[in-house]
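Just remember that the numbering used here sits 384 ahead of the position in the sequence shown, which is counted from 1.
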Amino acid sequence: MSNKPASKPDPDVPAASCSVPGPTPPSDWAAARDAAIADFLDRFATDCPDRDVLADLMIAMTRLARDGAHRGDLKLLTNAFKELRYAFKVFAPYHDIRKVSIFGSSRTPADHPDFLQAVAFARLMRERQWMVITGAGDGIMGAGQRGAGRAASFGVAIRLPNEQKTNVVIADDPKLINFKYFFTRKILFLKEASAVALFPGGFGTQDEGFEAMTMIQTGKTNLMPLVMIDAPGGTYWQHWRTYLKAELLHNGMIDEEDMNLF
Numbered sequence: 385m386s387n388k389p390a391s392k393p394d395p396d397v398p399a400a401s402c403s404v405p406g407p408t409p410p411s412d413w414a415a416a417r418d419a420a421i422a423d424f425l426d427r428f429a430t431d432c433p434d435r436d437v438l439a440d441l442m443i444a445m446t447r448l449a450r451d452g453a454h455r456g457d458l459k460l461l462t463n464a465f466k467e468l469r470y471a472f473k474v475f476a477p478y479h480d481i482r483k484v485s486i487f488g489s490s491r492t493p494a495d496h497p498d499f500l501q502a503v504a505f506a507r508l509m510r511e512r513q514w515m516v517i518t519g520a521g522d523g524i525m526g527a528g529q530r531g532a533g534r535a536a537s538f539g540v541a542i543r544l545p546n547e548q549k550t551n552v553v554i555a556d557d558p559k560l561i562n563f564k565y566f567f568t569r570k571i572l573f574l575k576e577a578s579a580v581a582l583f584p585g586g587f588g589t590q591d592e593g594f595e596a597m598t599m600i601q602t603g604k605t606n607l608m609p610l611v612m613i614d615a616p617g618g619t620y621w622q623h624w625r626t627y628l629k630a631e632l633l634h635n636g637m638i639d640e641e642d643m644n645l646f
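Quick look at the structure:
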């Protein structure tokens, strides 16, 4: 019996059950596809300098068809792609302006010291020619945009069943983006930021903070300042740091140098 591994199917040749349009034989399927894509891009992406990347994207689409992808999976990919495309368009004119992503509780009232601290921080960043990115809700998110002002704010909102309210500063602004998916929203928070500021918050704030640390730790995003901000006399981040040292660091789940990520 031969020990030679079984050959893998050519990823660019359709499966036997896949119907190939027209008279083109399966052996020439990839070449016909590439020619059709090149013709399409010649007509509709004439001025694009990155047509090779667009071609790769279109090739992936044909492979989805060949794979018999489930309709629900196709809809997920389509919606995520459309969300990211639109978000990239919104951020593009501000590419050269540094931005800070601000995270914190949506439940923090306007008279709370954390809220006032977030307003002051965002105002300070705006005075230094930065813009802010928040989740567009109330609480710390609204405080960040109140401090920065409408012109220096981006709202990266999430559509939820309970209809999270958009804060009055960023409501109806062209720089407000409404996302269906958390994962596409998270991409923008870090991709567009030059720094991250974390104020006290709940599960969402913790999630976004750990996401930022993980992405920086693993080199999946650029090195950037990651700052935890508390009101004078506050203990939120002190207790959080104690937990990290007592449980994660003490038990070898993170390294000492990981404590320098923030």
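Glycine residues also receive a C-beta, built at the ideal position from the N, C-alpha and C atoms. Bear in mind the structure is a predicted one, so any value in this text is a computation, not a measurement.
field: Cβ neighbours of residue 442 in the same chain (closer than 6 Å, five flanking residues each side left out)
entry: Within the sequence shown, the letter at position 58 stands for residue 442. Only 421 meet the Cβ criterion.
- request: Please name the residue, chosen from 545, 548 and 509, that lies closest to residue 530 on a Cα-to-Cα basis.
  value: Here the question's residue 530 lines up with position 146 in the sequence shown. For the residues 545, 548 and 509, the minimum Cα distance to residue 530 belongs to 509.
query: When the Cα atoms are used, what is the spatial distance from residue 423 to residue 579?
result: For the purposes of this step, residue 423 is taken as the residue at position 39 of the sequence shown. For the purposes of this step, residue 579 is taken as the residue at position 195 of the sequence shown. Between residue 423 and residue 579, the C-alpha separation is close to 42 Å.
query: Among 548, 501, 589 and 482, which one has its Cα closest to the Cα of residue 488?
result: For the purposes of this step, residue 488 is identified with residue 104 of the sequence shown, where counting begins at 1. It is 589 whose Cα lies nearest to the Cα of residue 488.
- request: List the DSSP bridge partners of residue 562.
  value: Working through the sequence shown from its first residue, we reach residue 562 at position 178. According to DSSP, which records beta bridges pairwise, residue 562 is partnered with 541.
- prompt: Do you know offhand how far residue 645's Cα is from residue 596's?
  reply: Along the sequence shown, one-based indexing puts residue 645 at 261. Along the sequence shown, one-based indexing puts residue 596 at 212. Their backbone Cα atoms lie some 9 Å apart in a straight line.
message: Assuming the contact rule is C-beta atoms closer than 8 Å, residue 613 and residue 582 should be a hit. Round their C-beta distance to whole Å, please.
response: In the sequence shown, counting from the first residue as 1, residue 613 sits at position 229. In the sequence shown, counting from the first residue as 1, residue 582 sits at position 198. The pair is a contact, with the Cβ atoms about 7 Å apart (cut-off 8 Å).
task: Check the DSSP bridge columns for residue 580 and list the partner residues they point to.
output: Within the sequence shown, residue 580 is the residue found at index 196, counting from 1. BP columns for residue 580 point to 485 and 610.
field: Length of the line joining the Cα atoms of residue 577 and residue 545
entry: For the purposes of this step, residue 577 is identified with residue 193 of the sequence shown, where counting begins at 1. For the purposes of this step, residue 545 is identified with residue 161 of the sequence shown, where counting begins at 1. Using only the alpha carbons, I get a separation of about 28 Å.
- request: Please look up how many angstroms separate the CB atoms of residue 572 and residue 540, rounded, as I've assumed it's under 8 Å.
  value: Your numbering for residue 572 matches position 188 in the sequence shown. Your numbering for residue 540 matches position 156 in the sequence shown. Confirmed, Cβ separation roughly 5 Å.
- prompt: Do you know offhand how far residue 639's Cα is from residue 632's?
  reply: The count along the sequence shown starts at 1 and reaches residue 639 at position 255. The count along the sequence shown starts at 1 and reaches residue 632 at position 248. One C-alpha to the other measures close to 9 Å.
query: Is residue 462 helix, strand or coil when you go by DSSP?
result: For the purposes of this step, residue 462 is taken as residue 78 along the sequence shown, with counting starting at 1. Residue 462 falls in the helix class under three-state DSSP.
- prompt: Can you tell me the Cα-Cα spacing of residue 563 and residue 570, whole angstroms?
  reply: As a working note, residue 563 is residue 179 in the sequence shown. As a working note, residue 570 is residue 186 in the sequence shown. Each residue's Cα considered, the two are about 10 Å apart.
query: First and last residue of the alpha helix (DSSP H) that includes residue 509?
result: The residue labelled residue 509 in the question sits at position 125 within the sequence shown. 497 to 511 is the span of the alpha helix (DSSP H), which, as asked, contains residue 509.
- prompt: Is it right to say residue 417 is buried, meaning 16 or more other beta carbons lie within 10 angstroms of its own, or is it exposed?
  reply: Within the sequence shown, numbered from 1, the residue matching residue 417 stands at position 33. Buried is the call here.
message: Starting from residue 516, trace the beta strand (DSSP E) in both directions and tell me its first and last residue.
response: Stepping through the sequence shown from its first residue, residue 516 is reached at position 132. It spans 515 to 518 - the beta strand (DSSP E) in which residue 516 sits, taken as one unbroken run.
Local conformation of residue 453 per DSSP, three classes: As a first step, residue 453 is located in the sequence shown; it is residue number 69 there, counting from the start. If DSSP states are grouped into helix, strand and coil, residue 453 belongs with coil.
field: Where residue 710 falls, given that 16 or more other Cβ within 10 Å makes a residue buried
entry: As shown, the chain starts at 385 and ends at 646. That puts residue 710 outside it, with no answer to give.
message: Can you give me the C-alpha to C-alpha distance between residue 537 and residue 439, rounded to a whole angstrom?
response: Along the sequence shown, read from residue 1 onward, the residue named residue 537 stands at position 153. Along the sequence shown, read from residue 1 onward, the residue named residue 439 stands at position 55. Approximately 35 Å, taken between the alpha carbons.
- request: Could you tell me if residue 518 is buried or exposed, where buried requires 16 or more neighbouring beta carbons within 10 angstroms of its beta carbon?
  value: Taking the first residue of the sequence shown as 1, we reach residue 518 at position 134. It counts as buried.
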